[in-house]
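One structure is given here, and the rest of the page talks about it.
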Ligand SMILES: [Zn+2]
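Residue numbers (our numbering): 2 to 430.
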């Protein structure tokens with residue numbers, strides 16, 4: 002299915018209709034009335050054309066928890082969501098803390114072939130927070146790791162965090178922090194506030210996130226290195242990041258679709274599908290996150306796709322696993338929360354879901370729809386409004402908090418360097 006494709010009447014970044022000619026994996030021409038005898042044609046009338054999406058935060062679970070997800074199933078889910086690159090988080094079993102493990106994950110991604118897999122390396126050995134992992138060896142490996150994170154856990158030791166920031170500075174890397182002060186969140190289950198009190202569950206205070214973000218912004222500034230803040234969830238965090246950026250410090254941040262759309266009120270029925278780390282917060286927090294993403298304080302959307310098997314989620318709230326799937330619904334949630342209210346246009350979506358996450362991940366060849374660029378693209382139909390149906394999902398896990406919710410839009414096709422991975426809303430092979 003590689004070769005020459007002519008996509009007709011698409012709307013690049015939501016603009017005027019144009020045809021797009023793809024040859025040998027590259028966009029070669031964009032304009033009205035193109036002709037290409039012998040090309041495979043795709044009529045994209047009414048569809049929005051965006052650069053292939055880039056996720057900075059995906060849990061693919063392989064190696065070790067193939068019952069929840071594999072690189073193959075996770076990248077199929079990614080393609081269905083319009084993604085052409087995902088960053089695979091390091092909290093696998095074993096952890097991705099050596100050149101050997103990150104190369105294994107990278108190779109599995111190439112074999113699966115539906116979406117590039119860029120491994121994230123662990124910051125500390127075994128994610129145990131006591132000594133640095135082999136950051137240099139992972140950076141020099143075939144996987145060329147540039148993003149390091151102990152995600153799932155916070156690098157809470159300030160000296161280790163400082164050393165990690167200093168270490169990655171030499172090769173232009175970035176430390177992606179899961180900001181969670183462990184002592185302030187011991188046993189925490191839901192956002193601290195009225196709901197936690199009513200449900201009798203241990204509260205998770207906003208300050209546990211904000212204190213770490215503030216400290217790490219100061220550390221990044223002190224050593225002149227790059228910090229990325231994972232899954233920002235509170236209005237106060239947005240304020241701290243806005244302040245750090247105003248200083249010119251190398252601080253970037255992401256927000257998840259679920260924190261943009263959902264609130265702590267959903268925990269009221271003790272359904273663990275809404276249990277996530279960091280927890281769902283208040284409606285005011287969600288509004289601040291939307292505004293922060295719109296004004297660029299928050300750089301990008303990242304899914305924190307966190308698949309879990311049924312037995313780890315369909316249990317009592319307090320013992321259930323934290324996490325939600327998200328790859329297959331992210332673009333629709335961003336459509337609902339940012340585009341529909343007029344906070345972002347489609348060019349803005351392309352920036353927040355492709356160009357900026359690619360830049361933070363130090364990747365080239367992503368984020369632009371232009372002649373000469375790799376033909377990694379997504380075609381999106383903005384018109385339908387349908388309930389989310391998890392049975393259509395390719396992820397091995399079903400823990401989507403959006404099941405049954407009516408959301409706009411549908412991913413129609415995804416191309417990875419000129420090869421369709423999704424056609425007519427289904428996997429192309
Ligand atoms: Zn995390």
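Ideal placement from N, C-alpha and C gives every residue a C-beta, glycine not left out.
Given this structure, state the Cα-to-Cα distance separating residue 74 from residue 165, to the nearest angstrom. Counted from its first residue, the chain shown places residue 74 at position 73. Counted from its first residue, the chain shown places residue 165 at position 164. When rounded, the distance between both Cα atoms is 32 angstroms.
Report the three-state DSSP secondary structure of residue 385 (helix, strand or coil). As a working note, residue 385 is residue 384 in the chain shown. Residue state, collapsed to three classes: strand.
Count the CB pairs spanning the segment 283–293 and the segment 41–51 that are closer than 8 angstroms, and state whether there are at least three. no
Residue interval of the alpha helix (DSSP H) (run including residue 361): Working through the chain shown from its first residue, we reach residue 361 at position 360. Start and end: 357–361.
Three-state secondary structure (DSSP) at residue 232? For the purposes of this step, residue 232 is taken as residue 231 along the chain shown, with counting starting at 1. Note: residue 232 maps to coil in three-state DSSP.
Unbroken beta strand (DSSP E) run spanning residue 120, endpoints: Working through the chain shown from its first residue, we reach residue 120 at position 119. Taken as a continuous stretch (DSSP letters only), the beta strand (DSSP E) holding residue 120 covers 117–120.
Buried or exposed for residue 204, please, with buried defined as at least 16 other CB atoms from any protein chain shown within 10 angstroms of its CB. Residue numbering aside, residue 204 sits at position 203 when the chain shown is read from its first letter. Buried is the call here.
Segments assigned alpha helix (DSSP H), at least 4 residues, entirely inside the segment 116–199: 136–141 and 159–170
Own chain, CB closer than 6 angstroms to residue 354, minus 5 neighbours either side, in chain order: Taking the chain shown and counting its residues from 1, the one referred to as residue 354 is at position 353. Closer than 6 angstroms at the Cβ level, and outside the excluded window around residue 354, lie 54 and 302.
Kindly identify the DSSP beta-bridge partner or partners of residue 205. Locating residue 205 in the chain shown gives position 204, where the first residue counts as 1. Paired residue(s): 192.
Candidates 263, 151, 169 and 279: which alpha carbon is nearest residue 210's? Within the chain shown, residue 210 is the residue found at index 209, counting from 1. It is 279 whose Cα lies nearest to the Cα of residue 210.
Whether residue 57 touches residue 88 by CB criterion (8 angstroms): Counted from its first residue, the chain shown places residue 57 at position 56. Counted from its first residue, the chain shown places residue 88 at position 87. Yes, they are a contact pair.
Give the secondary structure of residue 255 by DSSP, where H, G and I count as helix, E and B as strand, and everything else as coil. Numbered from 1 along the chain shown, position 254 holds the residue referred to as residue 255. DSSP places residue 255 in strand when its eight states are reduced to three.
For residue 234, count neighbouring C-beta atoms within 10 Å of its own C-beta (all shown protein chains included) and say buried if the count is 16 or more, exposed if not. In the chain shown, the residue the question calls residue 234 occupies position 233. Label assigned to residue 234: buried.
C-alpha distance - residue 282 paired with residue 37, whole-angstrom precision: In the chain shown, residue 282 corresponds to position 281, counting from 1. In the chain shown, residue 37 corresponds to position 36, counting from 1. Those two C-alpha atoms are separated by around 52 angstroms.
Suppose you measure from the CA of residue 162 to the CA of residue 30; what does that come to, to the nearest Å? Indexing the chain shown from 1 puts residue 162 at position 161. Indexing the chain shown from 1 puts residue 30 at position 29. Distance between the alpha carbons of residue 162 and residue 30 is about 46 angstroms.
So, helix, strand or coil for residue 391, using DSSP? One-based indexing of the chain shown puts residue 391 at position 390. DSSP places residue 391 in helix when its eight states are reduced to three.
Compute the beta-carbon to beta-carbon distance between residue 391 and residue 275, rounded to the nearest angstrom, for a pair I have assumed lies under 8 angstroms. The residue you call residue 391 lines up with position 390 of the chain shown. The residue you call residue 275 lines up with position 274 of the chain shown. With 8 angstroms as the limit, residue 391 and residue 275 do not qualify as a contact, their Cβ atoms being about 15 angstroms apart.
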